[in-house]
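K.L.:
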Amino acid sequence: MSLLVTLTADVLVAILLVATIVSCIRLSRRIARMKADEAGMRQTIGELMVASTTAERAVAGLRATLDECDRTLADRLATAERYAADLSTHVAAGEAVIGRISAIVAQAGGGQTGAGRTQASTLRAPPMADTAVRPHPQIVPPQTRTPAEVPASPNGERLGAAAAAALAMSERALGRLRSKAA
Numbered sequence: 001m002s003l004l005v006t007l008t009a010d011v012l013v014a015i016l017l018v019a020t021i022v023s024c025i026r027l028s029r030r031i032a033r034m035k036a037d038e039a040g041m042r043q044t045i046g047e048l049m050v051a052s053t054t055a056e057r058a059v060a061g062l063r064a065t066l067d068e069c070d071r072t073l074a075d076r077l078a079t080a081e082r083y084a085a086d087l088s089t090h091v092a093a094g095e096a097v098i099g100r101i102s103a104i105v106a107q108a109g110g111g112q113t114g115a116g117r118t119q120a121s122t123l124r125a126p127p128m129a130d131t132a133v134r135p136h137p138q139i140v141p142p143q144t145r146t147p148a149e150v151p152a153s154p155n156g157e158r159l160g161a162a163a164a165a166a167l168a169m170s171e172r173a174l175g176r177l178r179s180k181a182a
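In this text, residue positions in the sequence shown follow my numbering: the first is 1, and each later residue adds one.
Dropping the structure here:
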């Protein structure tokens with residue numbers, strides 16, 4: 001009986017050894033797959049780190065470009081505003097000169113204005129017999145007009161609209177920059 005028990009124990013140990021070997025082979029394969037996955041993961045993580053560094057540099061470059069564009073746009077807006085102010089000054093000066101010239105012409109022509117001149121050119125009055133006595137022309141101060149009376153210049157309106165649009169774009173870009181920075 002002792003031989004049967006020994007033989008049974010040996011067979012049982014052999015079966016357990018075979019089961020252990022099979023389990024070890026399976027575990028070895030799983031470990032090999034995990035190591036391959038780990039290498040793939042390490043490679044993927046490395047690529048992600050490189051991509052994130054590149055993206056950070058690109059974002060920094062975009063921010064610098066946006067700041068430069070904002071400064072350039074602000075400079076151009078300031079220049080446009082100066083030109084608009086200069087133009088309005090020149091227009092006002094031109095209107096003052098035209099007012100003075102029309103006053104001089106009105107006094108020289110007998111007090112007729114532009115509308116009276118066109119009407120007078122069609123209905124000519126007979127020449128005056130006494131041309132020797134003429135009053136000296138009086139100097140008339142330039143006429144000042146309120147902004148409502150001054151005709152709007154289409155260039156001034158365009159410049160104002162362009163300045164407003166550029167300011168709105170600048171504010172939007174600044175808002176985006178602030179939201180990205182936050």
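Heads up, the beta-carbon is just placed ideally off N, CA and C, and yes, glycines get one too.
Everything numeric in this text was worked out from a predicted model, so none of it was measured.
Under three-state DSSP, which class holds residue 182?
P.N.:
Position 182 of the sequence shown, counted from the start, is the residue given in the question as residue 182. Three-state DSSP puts residue 182 in coil, outside helix and strand.
K.L.:
Between residue 162 and residue 80, is the Cβ-Cβ spacing less than 8 angstroms?
P.N.:
Taking the sequence shown and counting its residues from 1, one reaches residue 162 at position 162. Taking the sequence shown and counting its residues from 1, one reaches residue 80 at position 80. Cβ atoms of residue 162 and residue 80: closer than 8 angstroms.
K.L.:
Determine the contact status of residue 167 and residue 66, defining contact as a CB-CB distance below 8 angstroms.
P.N.:
As a position in the sequence shown, residue 167 is number 167, starting the count at 1. As a position in the sequence shown, residue 66 is number 66, starting the count at 1. No; because the gap between Cβ atoms is not below 8 angstroms, this pair is not in contact.
K.L.:
What number of angstroms, rounded off, separates the C-alpha of residue 64 from the C-alpha of residue 29?
P.N.:
Counting from one through the sequence shown, the residue named residue 64 turns up at place 64. Counting from one through the sequence shown, the residue named residue 29 turns up at place 29. C-alpha separation (whole angstroms): 52 angstroms.
K.L.:
Between the beta-carbon of residue 84 and the beta-carbon of residue 160, is there less than 8 angstroms?
P.N.:
Position 84 of the sequence shown, counting from 1, holds the residue named residue 84. Position 160 of the sequence shown, counting from 1, holds the residue named residue 160. Yes.
K.L.:
Rounded C-beta distance between residue 173 and residue 70? I'm assuming under 8 angstroms.
P.N.:
For the purposes of this step, residue 173 is identified with residue 173 of the sequence shown, where counting begins at 1. For the purposes of this step, residue 70 is identified with residue 70 of the sequence shown, where counting begins at 1. That belief holds up - the Cβ atoms of residue 173 and residue 70 are roughly 6 angstroms apart, short of 8 angstroms.
K.L.:
If I'm right that residue 170 touches residue 74 with Cβ under 8 angstroms, what's the distance once you round it to whole angstroms?
P.N.:
In the sequence shown, the residue the question calls residue 170 occupies position 170. In the sequence shown, the residue the question calls residue 74 occupies position 74. Indeed they touch by this definition, with Cβ atoms about 7 angstroms apart.
K.L.:
Whole angstroms are fine: how far does the CA of residue 26 sit from the CA of residue 11?
P.N.:
Mapped onto the sequence shown, residue 11 falls at position 11. Mapped onto the sequence shown, residue 26 falls at position 26. Looking at the two C-alpha atoms, the distance is approximately 23 angstroms.
K.L.:
Establish whether the CB of residue 76 and some CB of chain B are separated by less than 8 angstroms.
P.N.:
Looking for chain B here will not work: only one protein chain is present.
K.L.:
By Cβ distance, which residues of its chain are closer than 7 angstroms to residue 175, with the 5 residues on each side in sequence left out?
P.N.:
Locating residue 175 in the sequence shown gives position 175, counting from the first residue. No residues qualify anywhere along the chain.
K.L.:
What's the gap between the Cα of residue 184 and the Cα of residue 21?
P.N.:
This structure does not reach residue 184, given that the chain is present from 1 up to 182, and the question cannot be answered.
K.L.:
Hey, how far is the Cα of residue 102 from the Cα of residue 164?
P.N.:
Within the sequence shown, numbered from 1, the residue matching residue 102 stands at position 102. Within the sequence shown, numbered from 1, the residue matching residue 164 stands at position 164. So the two alpha carbons sit approximately 36 angstroms from each other.
K.L.:
Would you report the Cα separation of residue 61 and residue 51, rounded to the nearest angstrom?
P.N.:
Locating residue 61 in the sequence shown gives position 61, counting from the first residue. Locating residue 51 in the sequence shown gives position 51, counting from the first residue. Their backbone Cα atoms lie some 15 angstroms apart in a straight line.
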